[in-house]
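**Q**
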Amino acid sequence: MNLVKLYDTTLRDGTQAEDISFLVEDKLRIAHRLDELGIQYIEGGWPGSNPKDVAFFKDIKKEKLSQAKIAAFGSTRRAKITPDKDHNLKTLVQAEPDVVTIFGKTWDFHVHEALRISLEENLELIFDSLEYLKGRVPEVFYDAEHFFDGYKANPEYAIKTLKAAEEAKADCIVLCDTNGGTMPFELVEIIKDVRKQIKTPLGIHTHNDSECAVANSLHAVDQGIVQVQGTINGFGERCGNANLCSIIPALKLKMGLECISDDQLKKLRALSRFVYELANLSPNKHQAYVGNSAFAHKGGVHVSAIQRHPETYEHLRPELVGNMTRVLVSDLSGRSNILAKAEEFNINMDSKDPVTLEILDNIKEMENRGYQFEGAEASFELLMKRALGTHRKFFSVIGFRVIDEKRHEDQKPFSEATIMIKVGGKVEHTAAEGNGPVNALDNALRKALEKFYPKLKEVKLLDYKVRVLPAGQGTASSIRVLIESGDKESRWGTVGVSENIIDASYQALIDSVEYKLHKSEDGEAVLK
Ligand SMILES: CC(=O)SCCNC(=O)CCNC(=O)[C@H](O)C(C)(C)COP(=O)(O)OP(=O)(O)OC[C@H]1O[C@@H](n2cnc3c(N)ncnc32)[C@H](O)[C@@H]1OP(=O)(O)O
Ligand SMILES: CC(=O)C(=O)O
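Counting along the sequence shown from 1, when you hit position 515 you're at 515 in UniProt numbering, and nothing is skipped either side.
(1) Excluding sequence positions up to five away, which residues of its chain have a Cβ less than 7 Å from the Cβ of lysine 169?
(2) For valine 355, report the span of its alpha helix (DSSP H) as first-last.
(3) Could you say which of Glu36, Val327, Ser379, Ala79 lies nearest to leucine 271 if we only look at CA atoms?
(4) Relative to ligand 2, what is the chain-ordered list of residues with a Cβ closer than 6 Å to any of its non-hydrogen atoms?
(5) Thinking C-alpha only, which one of Gly322, Leu316, Asn241, Arg273 is nearest leucine 265?
(6) Can serine 21 be considered in contact with ligand 1, in the sense that its beta carbon sits closer than 7 Å to one or more heavy atoms?
(7) Should glutamine 229 and tyrosine 7 be called a contact, given that it needs their Cβ atoms to be closer than 8 Å?
(8) Ignoring anything shorter than 3 residues or poking outside the segment 72-135, list the beta strand (DSSP E) runs there in chain order.
(9) Taking all protein chains shown into account, decide if isoleucine 81 is buried (16 or more other Cβ within 10 angstroms of its Cβ) or exposed.
(10) Which residue comes first and which comes last in the alpha helix (DSSP H) that contains valine 438?
(11) Got a sec? Which residues, its chain only, sit under 6 Å from threonine 356 by beta carbon, not counting five neighbours each side?
(12) Spatial neighbours of glutamine 507 within its chain, please: CB distance less than 6 Å, with the 5 preceding and 5 following residues excluded, ordered by chain position.
(13) Looking at ligand 4, does it come within less than 7 Å of lysine 152, judged from the CB to the closest heavy atom?
(14) Check whether the segment 509-518 touches the segment 399-411, counting contact only when three or more Cβ pairs, one atom from each stretch, lie closer than 8 Å.
(15) Bridge partners for glutamine 227 per DSSP, in chain order?
(16) Looking at C-beta atoms only, is the number of pairs between the segment 155-171 and the segment 193-213 that lie closer than 8 Å three or more?
(17) Any chance the CB of tryptophan 107 is under 7 Å from a heavy atom of ligand 1?
(18) Helix, strand or coil: which one does DSSP assign to glutamate 458?
(19) Report, in whole angstroms, the separation of the C-beta atoms of leucine 92 and valine 99, which I expect to be a contact under 8 Å.
(20) Distance check for serine 304 and threonine 312, CA to CA, integer angstroms please.
(21) Under the DSSP definition of a beta bridge, which residues are partnered with lysine 422?
(22) Is the segment 197-211 touching the segment 116-126, taking contact as three or more C-beta pairs under 8 Å?
(23) Taking the continuous alpha helix (DSSP H) assigned at aspartate 26, which residues delimit it?
(24) So what's aspartate 19 in DSSP terms, helix, strand or just coil?
(25) Give the single residue among Ile306, Leu281, Pro318, Gly300 whose Cα lies nearest to the Cα of alanine 294.
(26) Cα separation between aspartate 13 and serine 21?
(27) Taking glycine 486 as the reference, give the member of Pro470, Lys457, Ser498 with the closest Cα.
(28) Determine which residues share a DSSP beta bridge with serine 478 and list them.
(29) Can you tell me whether lysine 64 is buried or exposed, with buried defined as 16 or more other CB within 10 angstroms of its CB?
(30) Have a look at the DSSP bridge pairing and note the partners of tryptophan 492.
(31) Pop quiz: phenylalanine 380 and isoleucine 421 are said to be a contact at Cβ under 8 Å. What is the actual Cβ separation, rounded to whole angstroms?
(32) So is the beta-carbon of glutamate 139 under 7 Å away from any non-hydrogen atom of ligand 1?
(33) From the DSSP output, in three-state form, read off residue 532 for me.
(34) Which same chain residues end up closer than 8 Å to leucine 28 when comparing Cβ atoms and leaving out the 5 residues on each side of it in sequence?
(35) Suppose you measure from the CA of aspartate 19 to the CA of leucine 320; what does that come to, to the nearest Å?
(36) Tell me whether methionine 324 is buried or exposed, calling it buried when 16 or more other Cβ atoms sit within 10 Å of its Cβ.
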């Protein structure tokens, strides 16, 4: 099996994305996870750029990585000075990385416009910057910036720049689609020509401006390229870099090329989510291979078929990349969705049971009113339990009142809720404040119930989403509230719909509390 080396630039090009910034501590943690995944090269940053990147290279030396090599990034020397006087090249060597990668100009237009030097001077910049680095660091890679655009504009000159890097004995020459506009069919023809003229091992670095970064990387490998650069989740300048979360499984599972082990591949989804978390971004649920929806089935026809054989609607087994099959319930559902969901919740159901059809009709009718169960699986489970008669009533709400008051125009509004509940034969009447009416109602409900069910103290309200649903024929517009709650072990979503936002929130809060009580080992056991 051929070996393709992976070069991750999440910590450098990834941080060039709008909204993405990592602390040194984050970078160190990500480097460890990339190492565990089996990434061979980790580009940590540009030490000539800022003190944070200098600190990263200092700190990473104290860390023990199992196999990955650390690369420092920078540019060729500035014009009119020798390499030994160039601050950027000096800091690259001082960072003492395993690899230095420098980028240089390939496109004559850039040489004239961005560097404002002659084409000949640019060749000297490339040659003597690489020559200076060789011998001072263990490995030197050359990123041929704008290679494909440069080749299209002036192929002879573009190849000359690669030859300058080859003469200086660069260990790998990386062809970059810097502006991300190259089409796969163009890239293939260009690489074929390069391979006739350049014998140094080649790498690929693509951007996603025309949504072709992954396709271009895979075509490049097909053409004999041995190093693939990219980032986790495709983070990167403008529309991003080639997404390693898609490239890695494609290399291994579609092209049969060894790059990481099977066990490492199973860590892919966890790494993707870890990097989103440290970047403080919500994961893209529709992301190929690793997203929540990547193997989520909604249409009844699909669910029926995957239950007979998963390959009918899955291009590979999700477990291979650490993901899993999910069955969604919606108004596109058929009986198969309900049965699959019931199995997930360990509820016994029979496809011929009239209850299955009753639940299905119920869901369709509720979705028509604005309910949505895709993000509210806890409400769905309670709905099934109610239909099957296995739902337990832990408490009843006699009534509640919410007051939202602003006593002076300069004062913050004040929210208070009172609630009366009944548990067994006991009535509890409590009041609580909150930073808004829903928060006050949540506090009052839990204050009243915690006395009977102390396990509710573990529940936290994690997310609250409100959506105004347009009015239907003859109906007023309504509000859908989705609440995400969690405890030490898990998270669950609940939903409420009403013309009144407090009532919709109340329904979702009640479901959240009921779900927690059901999932606690035994309803009676939590009742003191
Ligand atoms: C394709 C890529 O992604 S390349 C990486 C891009 N990433 C970044 O730019 C992030 C980090 N960059 C930085 O921190 C800063 O740009 C620095 C510290 C590197 C340089 O800062 P400054 O000296 O202020 O320069 P500035 O940011 O304006 O960049 C333009 C300079 O870079 C020079 N330059 C650009 N590319 C190259 C190159 N390949 N080789 C040598 N010099 C280059 C330009 O000639 C220009 O120099 P001049 O000001 O002497 O005319
Ligand atoms: C080197 C690099 O980041 C690019 O050409 O896009």
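By construction, the Cβ of each residue, glycine as well, lies at the ideal position given by its N, Cα and C atoms.
Note that the coordinates shown come from a computational prediction; the quantities given were computed from them, not determined experimentally.
**A** The short version:
(1) Lys134
(2) Looking at the DSSP string, the run of the alpha helix (DSSP H) that includes valine 355 is 354-369.
(3) The shortest C-alpha separation from leucine 271 is found at Glu36.
(4) Asp13, Phe103, Asp143, Glu145, Cys176, Thr178, His205, His207
(5) Minimum Cα distance to leucine 265 is reached at Gly322.
(6) no
(7) yes
(8) 99-105
(9) exposed
(10) 437-450
(11) Arg335, Ile338, Met349
(12) Gly496.
(13) This structure does not include ligand 4; its bound ligands are ligand 1 and ligand 2.
(14) no
(15) According to DSSP, which records beta bridges pairwise, glutamine 227 is partnered with Lys5, Gly203.
(16) yes
(17) no
(18) helix
(19) Actually they do not touch by this definition, with Cβ atoms about 10 Å apart.
(20) Going from the Cα of threonine 312 to the Cα of serine 304 covers about 10 Å.
(21) Ser396, Val427
(22) No, because fewer than three Cβ pairs between the segment 197-211 and the segment 116-126 fall closer than 8 Å, the two stretches do not touch.
(23) 24-37
(24) coil
(25) Pro318
(26) 11 Å
(27) Lys457
(28) Beta-bridge pairing links serine 478 to Leu469.
(29) exposed
(30) Ser485
(31) Not confirmed; about 24 Å, so no contact.
(32) no
(33) Lying outside 1 to 528, the shown extent of the chain, residue 532 is not represented and no answer is given.
(34) Scanning its chain for C-beta atoms nearer than 8 Å, with the 5 sequence neighbours on each side dropped, one finds around leucine 28 the residues Phe56, Asp59, Ile60, Glu63, in chain order.
(35) 31 Å
(36) exposed
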